[in-house]
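Under our numbering, residues 1 to 353 are what the sequence shown spells out, in order.
Working notes, beginning with the structure itself.
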Amino acid sequence: MPLLTRMVGVPLLVDIRPGAVAALAPLLADHRISSGGRVAVVVGPGQGEAIATSLGEALPDASVMRVEGGTIDAAQSLAAQLRTDFYDAVVGIGGGRLLDTVKWSATLTGLPMVAVATNLAHDGIASPVASLAHDGRKGSYGVQMPVAVVVDLDYVRQSPVRMRRSGIGDAVSNLSAIADWELASRERGESVDGIAVTLARTAALAVLAHPGTVDDDEFLVTLAEGLVLSGLAMAVAGNSRPCSGGDHEILHAIDHLYPGTANHGELAGVGALYCTWLRDADGDAATRLRDCLARHELPRAPADLDLSVEQFAAAVSHAPATRPDRYTILEHLDLGEPDVLDRVDAFAQWARG
């Protein structure tokens, strides 16, 4: 009988719990990532440094490297440093920018990469995508996904509450991205991967429906699992389509036009809310998403991002240019600037309601 299923690459291990970092050394050995602990441990400013220090006794042969993450230059510099010695693997400990930098460097050097996340700000924890800045602009690049993912809730709880909430916006934005993908299928015949959609939708709905908050371990586990599932959805699809639509086009446009406005997940949440409202302003999906963002004290309207209606409208108009190959509700409506401004003005009033 022929093989009728497909093989999907996933991490060897996902460990989400309090105290998970303490098991890092046996994790490396038991899963044959590094039996002798000869690894490069990469940290950035913040909690990563303290975690690396705590691992000193368990991983005496590890080399600790410090980077300021988030750019192509930093990733290439780290790759050059990794080539100066022999390592079984590279362990990145930190937030999204640090992990994206290490993912890129690991890809350049062919080393397996273990992601140790210290916050839950966005869905890059286990994804095959790195978001890095180059020449003042941020882009998304295909990379190898981590061979193992560790999320220690003890450290996640120590991260700023804003960073914990941010991941909620990124997770629930999957619902808008999926709607855009399905729209592209109807209008342009684009192929939709049902497995990727299932993973991305499951992640978003689990977070959307959970009654807890970022102060609860149970909710943090659900959020972490949702972000990991989102990364796997992108790996299955072979691109970011199941987790990135018009919502992320708006996100990237704001990053370009008004850098430093807000973090990734906050912008993704507002972008998703706007795109969902565009599809059906009076629908249940838009209301549920607005209520979720409000309950978790996330931005909903341009004013929450310290942007005027005019600034947000300018970002919406610019958004399609950030992903020229992507068809979303923004490209479908193809509104002129006056109409965009009218829609954004109406949205801003509804979003705060």
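Even glycine gets a Cβ: it sits at the ideal position worked out from N, Cα and C.
Beta-carbon proximity check, residue i vs residue j, cutoff 7 angstroms
i      : j      : result
Leu354 : Asp215 : With the chain represented from 1 up to 353, any question about residue 354 goes unanswered, as that position is not in the structure.
Val228 : Asp15  : no
Leu59  : Ala20  : no
Val309 : Val340 : no
Val207 : Gly231 : no
His318 : Ala272 : no
Ala237 : Ala204 : no
His248 : Ile168 : no
Pro371 : Glu266 : Because residue 371 is not part of the residues shown, which for the chain are 1 to 353, the question remains open.
Ala62  : Val39  : yes
Asp193 : Ile329 : no
Tyr356 : Ala148 : Because residue 356 is not part of the residues shown, which for the chain are 1 to 353, the question remains open.
Tyr327 : Ala184 : yes
Ser105 : Leu78  : yes
Ala268 : Ser173 : yes
Thr107 : Leu82  : no
Pro128 : Val143 : yes
Ala52  : Val67  : no
Top-ranked residue by Cα proximity to residue i, from the options
i      : options                        : result
Leu305 : Gly194, Asn263, Thr287, Asp325 : Asn263
Asp88  : Pro112, Met65, Ala75, Trp104   : Pro112
Thr322 : Thr5, Asp30, Val143, Ile250    : Ile250
Ala224 : Ala319, Gly124, Pro299, Ala253 : Gly124
Met145 : Ala294, Asp100, Gly283         : Asp100
Val90  : Thr84, Arg97, Gly96, Lys103    : Lys103
Arg290 : Val270, Arg279, Leu307, Leu278 : Val270
Leu355 : Glu190, Ile33, Ser173          : In this structure the chain extends from 1 to 353, so residue 355 is not present and cannot be described.
Gly95  : Phe86, Ala117, Gln81, Leu78    : Ala117
Gln47  : Tyr327, Thr287, Tyr155, Arg165 : Tyr155
Pro211 : Leu257, Ala80, Ala294, Ala50   : Ala294
Phe219 : Gly189, Trp277, Asp345, Leu120 : Leu120
Trp277 : Arg343, Asp255, Asn239         : Arg343
Thr213 : Arg165, Val64, Pro242          : Arg165
Arg186 : Asp85, Val10, His332, Gln311   : His332
Phe312 : Asp345, Leu27, Ala79, Ala126   : Asp345
Pro11  : Ala22, Tyr258, His31           : His31
Val8   : Ala235, Pro320, Gly336, Glu190 : Ala235
Leu175 : Asp284, Ala50, Glu337          : Asp284
Ser244 : Arg288, Asp325, Pro259, Gly260 : Asp325
Gly260 : Ser54, Glu337, Arg241, Leu307  : Leu307
First and last residue of the uninterrupted alpha helix (DSSP H) at residue i
i      : result
Asp339 : 337-351
Ala315 : 309-318
Met234 : 217-237
Val207 : 194-209
Ala301 : First-last for Ala301: undefined, no H or E at that position.
His332 : 329-333
Val161 : 161-172
Ser54  : 47-54
Beta strand (DSSP E) segment containing residue i, residue limits
i      : result
Ala117 : 113-117
Ile72  : It is not in any beta strand (DSSP E) - Ile72 instead sits in the alpha helix (DSSP H) that spans 72-82.
Met65  : 63-66
Val149 : 148-152
Ser140 : 137-142
Asp15  : 13-17
Gly354 : Residue numbering for the chain in the displayed model covers 1 to 353; residue 354 lies beyond these limits and cannot be assessed.
Ala29  : Not the beta strand (DSSP E): Ala29 falls in the alpha helix (DSSP H), residues 24-30.
Ser131 : 129-134
Leu10  : The sequence given here has Val at residue 10, not Leu. Counting along the chain, Val10 falls outside any beta strand (DSSP E), and DSSP gives it neither H nor E.
Ala40  : 39-43
heavy atom of the ligand MN below 6 angstroms from residue i C-beta
i     : result
Ile33 : In terms of ligand content, the structure shown is empty, and the ligand MN therefore cannot be addressed.
Whole alpha helix (DSSP H) runs in the region 248-290 with 4 or more residues, listed along the chain?
-> List check, alpha helix (DSSP H) in window: 264-279.
Give a yes or no on contact between the region 65-83 and the region 130-139, applying the rule of three or more CB pairs nearer than 8 angstroms.
-> Between the region 65-83 and the region 130-139 there are three or more inter-stretch CB-CB distances shorter than 8 angstroms, so the stretches are counted as touching.
The region 191-210 / the region 158-166 touching (three or more Cβ pairs under 8 angstroms) | Counting C-beta pairs with one atom in each stretch, the region 191-210 and the region 158-166 have fewer than three that are closer than 8 angstroms, which means they do not touch.
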